[in-house]
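This report concerns only the one structure given below.
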Amino acid sequence: MWVYDTETLRFLMVNNAAVAHYGYSREDFLKMTIRDIRPREDLPDLLESVAKGCLGVEQPSVFRHCLKDGGIIFVEISSHAFDFEGRSARLIMALDVTQRLAAEQKIRESEELFRAVSNVTADVIWDWNIVTDTMWWSEGLKVVFGHSPEESRRNFEFWKTHVHPDDLERVLRSTQSALDSREQTWEDQYRFFRDDGSIAYVEDSGYIIYDRQGKPVRCVGGMTDVTARKEAEDKLAHQAALLDMARDAIVVHGIDHRILFWNKGAERIYGWTAEEALGRSVGPLLYGDDFNSLAYAAAVVDTGEWTGEIAQRRRDGSCITVEARCSLMRDSTASPHSILSINSDITRRLAIEEQLRQAQKLEAVGRLTGGIAHDFNNLLTVILGNAEVLAERLSEDKSLRHLAEMTSAAAQRGADLVHRLLAFARRQALKPQVVDLNSLLKDMDGLLRRALSAEIEIEFIQSADLWNALVDPSGLETAILNLCLNARDAMPRGGQLTIETGNLSLNQDYAHCGAEIAPGQYVVVTISDTGIGMQPQILARAFEPFFTTKETGKGSGLGLSMVFGFAKQSNGHVKIYSEPGRGTTVKIYLPRAVRGEEETRSRPEKAVVPQGTEKILLVEDNGLVLSYVAAQLENFGYRIIAAGNGQEASDILREVSDIDLLFTDVIMPGGLNGGQLAEEARRIRPEIPILFTSGYTEDVITHQGGLDPGLHLLKKPYRPRELAAKIRLILDGKRGQESL
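For the sequence shown, UniProt numbering gives the first residue as 1, with consecutive numbering after it.
And the structure:
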């Protein structure tokens, strides 16, 4: 809230909330006018309003305002004229609506996407506004049932008038029951009249949305015409000779649950032969002690049919999920006689669907990460580098040096956050190498013991004949450290941490069961703790990004997500096992390295900061980064030619013949990106060494997440020492080749 003079537009008074939100001090505000908080491009409209004398806004309106840090927010303004200490003034009430407007835009985009998807799916999609009692139908209503969606987009009565009268009361009861009990989903089967008066059998299901008070406000669902399937199931009851041809399990059991029919599909799915199954009770055979699973039988007797997913077991004790379609069969007196079940094994499909859901989450985070990582890492490169330079140059001034070190630490935390996001989204540039995991863990021993409390006992169990793994050693160290820190937090009073290595060969059958890992040979790192463990509902979400059970400020929720993304990008896998009070075990599966490749040190030695006099072509589209890097390289003694884009750099390569190194950003808008510029450079100067830099490569120079062979990459953000060492390493490497 503030008050300003209507003649001079100068602020006369501001409250504490305005000072806190906008970032200006009270003294700053009182020296400013309202022109100073409006973006430059909005000033013409402001000045025009002043000239017309209509600046006062009695009704709330939305304007753009500038924060002191340069940010732009959308503000809803309410204005009232009044006399302030003898001046003509206006009282302003300002409400930041930036997030609200963004949310409204997302809702509009979501609605448009929903309508588009609804019109291309084979099912009939509907949207019931419970508050207004109106319904929207997709074009499938015309295609499947012959009704015009435009004529039907009125209210709930259209649907009720087309449900078969014998089914209507039952379906309405099930709908109301779902709403009253606040269930998230609703589903039912009934008969539905087509436009020509014929009857269709449908399966209908909906997702119910509630407001904050728990009142149902909306239900979105889909209706499927299953008439053909229903007719086919009826015919199957009279064509037993053909049932064995079905891949699905077709089982008929009496009202007393004794099995009467067991086809070849049932033998294949469950493992029991027909001779072994006939006459036995379906409960102990398929459900063990869980007789609650037989509740579907009562529903079939009551309604005549039932469809749903059921958890069952095979002969070997393994668990499966089937989609069961059950129908009631009657004898000659119309009395219930038996139940026909057509069961499809959907275990594999559900696993794939779960993978797809995880992939969609991953893709969403990947898009978000890709959008911010490049620009964010550019900023962090400048901040981190300059902070380090300032810290070194301010060694005599402890207070200023402390500020520089704080800036450097904050920038590094930002870099770590972006790195974890990229790791989860599988968008970081990895350098897979041949690694001896036993040696890597030995090198990490001191680090782990310093990171963990003295009350935690660490035990290493190392396989004597351990295979080498093909993995990025730096990424693996980070993943192991993350898991050990999680274990530490799960053992606040101390405990045992065990790190074990081993070899494992997975065949095709195991890979199919896992649904998330390819068959082959793997090196496995197992990290176990004796901590508090996790509840099943927590365990199910352990790898979700930003999900954490720690207190605010104690964890980002990206530790396990990063481990998951790193393992998958390394062509491996990660599994987690946990029970409350019994600790947690995490297994990282890493692909075995091919024989004959040279083993790599788990920890590269730090390079000494060197100097040089070579001529470097520096290509960077971000002006801040370009100025910063050019200054650093010149401080190291190099001669710099700067280019702001790929095309400009290409022209320089043609004109200047004595360039010793091309140092280019990867992601550059318009024209040539870093990868394309490198190809052009090799055509012009085949011998020129090339160093790429980026915080997000967008697969321009990577292949399946790994850096393409023979390429050099310096990840943003980087420090001056890292920059100098990398430049010198590449230039010295080239001279070594020339001397051979």
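Where is the CB? At the ideal position from N, CA and C, for every residue including glycine. Note that the coordinates shown come from a computational prediction; the quantities given were computed from them, not determined experimentally.
query: Ordered list of alpha helix (DSSP H) runs contained in the stretch 159–214, each at least 4 residues; result: 165–180
query: Burial state of K106, where buried means 16 or more other Cβ atoms lie within 10 Å; result: exposed
query: Same chain only: Cβ atoms within 6 Å of Y577, ignoring 5 sequence neighbours per side; result: T585
query: Exposure of N16, with buried meaning 16 or more beta-carbon neighbours within 10 Å; result: exposed
query: Cβ-based burial, A607 [other Cβ within 10 Å; buried from 16]; result: Residue confidence for A607 is low, a pLDDT of 45 falling below 50, so the modelled location carries little weight; the figure read from the coordinates is stated next. So A607 counts as exposed.
query: Stretch pair the stretch 268–282 + the stretch 215–231: three plus CB contacts closer than 8 Å; result: no
query: Assigned exposure category for M444 - 16 Cβ within 10 Å defines buried; result: buried
query: K726 versus L714: straight-line alpha-carbon distance, rounded; result: 7 Å
query: Buried or exposed (CB count within 10 angstroms, at least 16 for buried), P165; result: exposed
query: Residue ranges of each alpha helix (DSSP H) within the UniProt domain "PAS" (235–290), 4 or longer; result: 240–243, 264–270, 274–277, 282–286
query: Three-state secondary structure assigned by DSSP to E323; result: strand
query: CA-to-CA distance, A518 to K615, given in whole angstroms; result: 48 Å
query: Alpha-carbon to alpha-carbon, L384 and residue 744; result: The first residue shown for the chain is 1 and the last is 740, placing residue 744 beyond what the model contains.
query: Which of helix, strand or coil DSSP assigns to W2; result: strand
query: Neighbourhood of A630 by C-beta distance below 7 Å, restricted to the same chain and skipping five residues each side; result: L618, I640, A642
query: Per-residue DSSP class, three states only, for H147; result: coil
query: DSSP state of V220 mapped onto helix, strand, coil; result: strand
query: Residue from I77, E76, L91 whose Cα sits closest to the Cα of M83; result: The residue you asked about is not Met; residue 83 is Asp in the sequence shown. If we check each option's Cα against that of D83, L91 comes out closest.
query: L380 to K716 span [Cα, whole Å]; result: 8 Å
query: Three-state secondary structure assigned by DSSP to V19; result: helix
query: K587, enclosing beta strand (DSSP E) - first and last residue; result: 584–591
query: When M223, V75, E7 are compared against A89, the one with the closest alpha-carbon; result: E7
query: First and last residue of the uninterrupted beta strand (DSSP E) at N129; result: 124–129
query: Pair within 7 Å by beta-carbon distance, V252 and L340; result: yes
query: Nearest neighbour of D658, chosen from I684, A277, Q647, N645 [CA to CA]; result: I684
query: DSSP beta-bridge partners of L328; result: I339
query: Nearest-angstrom Cβ-Cβ length linking C484 and L497, presumed shorter than 8 Å; result: 6 Å
query: Residue from S198, V202, R182 with nearest C-alpha to D211; result: R182
query: Assigned secondary structure, E27 (DSSP; H/G/I helix, E/B strand, else coil); result: helix
query: Candidates S453, K31, D167, H21: closest to residue 751 by CA position; result: Outside the shown range of the chain (1 to 740) lies residue 751, about which nothing can therefore be said.
query: Closer than 7 Å to chain B by CB, V418; result: In the structure shown, chain B cannot be found, because there is only a single protein chain.
query: Candidates H162, M135, N468: closest to E150 by CA position; result: M135
query: Short Cβ contact (7 Å threshold) for Y589 with G565; result: no
query: Proximity of M668 and N635 at Cβ, strictly below 7 Å; result: no
query: Residues near G265 by beta carbon distance below 7 Å, same chain, minus five either side; result: A246, R247, D248, A249, I250
query: Per DSSP, cross-strand counterpart(s) of L731; result: Its beta-bridge partners do not exist; DSSP assigns none.
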